[in-house]
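Numbering-wise (this note's numbering), the sequence shown opens with residue 858 and increments by one. Here the structure comes first, spelled out in structure tokens, and everything after it is commentary.
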Amino acid sequence: KGEYPAYLACNLFTDTPSVYVGEGNFPRVMQDGRDGDEEVGYIANITDSTTIGFKYFDCHDICEISIWIRGYADGTFEVKTAWDGEVLASLEVQYTNVWEKYTAPVTIPDGIQALYLTYRGNGNAALRSFELS
């Protein structure tokens with residue numbers, strides 16, 4: 858349980874393979890401000906099919922997930938314990954240029970689990986953090 862920054866992601870990919878990620882079209886870890894500033898890192902350029910994976914959490918009695926999102930996106934974040942696994946929860950997000958919190962009930966099996974968030978929808982979002990409670 859707790860809040861975790863998005864920059865802790867272990868996996869970051871889309872359904873479309875990309876050899877180059879420097880052109881700004883691929884999801885990547887970003888920050889507002891310059892290096893050395895006390896700014897929170899986040900994952901930007903989240904588009905349809907982007908999957909963000911986090912490893913590993915010792916889950917016990919998790920019943921809710923929250924995500925902090927901004928950007929011009931209109932879609933759903935799917936919550937899974939495997940990148941190709943069953944969808945355990947869905948969080949609908951909408952266009953916003955400020956960080957907004959979205960919350961949904963979820964049942965994550967007790968024990969050591971990975972967590973994957975897959976975006977399905979239109980536009981381009983940014984993920985600051987997520988919280989398990």
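Yeah, the Cβ is synthetic: ideal placement off N, Cα and C, and Gly gets one too. Note that this is a predicted model, so its numbers are computed, not measured.
Straight-line gap, residue i to residue j (C-alpha atoms, nearest Å)
i	j	result
residue 989	residue 951	21 Å
residue 888	residue 907	19 Å
residue 860	residue 968	18 Å
residue 876	residue 870	12 Å
residue 865	residue 900	10 Å
residue 924	residue 956	10 Å
residue 977	residue 918	27 Å
residue 987	residue 966	18 Å
residue 934	residue 893	31 Å
Three-way DSSP call (helix, strand, coil) for residue i in this model
i	result
residue 974	strand
residue 984	strand
residue 861	strand
residue 868	strand
residue 945	coil
residue 960	strand
residue 953	strand
residue 891	coil
residue 965	coil
Residues of its chain near residue i, where Cβ-Cβ distance is below 8 Å and the 5 sequence neighbours each way are ignored
i	result
residue 980	904, 928, 929, 930, 931, 932, 952
residue 873	906
residue 890	896
Top-ranked residue by Cα proximity to residue i, from the options
i	options	result
residue 961	941, 919, 954, 946	946
residue 800	985, 881, 964	The question about residue 800 has no answer here: the residues shown for the chain are numbered 858 through 990.
residue 983	914, 858, 874, 897	897
residue 912	975, 867, 954, 944	867
residue 954	970, 858, 882, 985	985
residue 941	910, 895, 890, 892	910
residue 915	938, 934, 902, 895	938
residue 944	972, 959, 885, 893	972
residue 936	891, 974, 959	974
Within-7 Å CB hit, residue i to chain C
i	result
residue 974	Of the protein chains in this structure there is only one, and it is not chain C.
heavy atom of the ligand NAD below 6 Å from residue i C-beta
i	result
residue 969	Because no ligand of any kind appears in the structure shown, any question about the ligand NAD cannot be addressed here.
Taking the runs of the beta strand (DSSP E) that are 3 residues or longer, which of them lie wholly in the segment 908-936? 908-916
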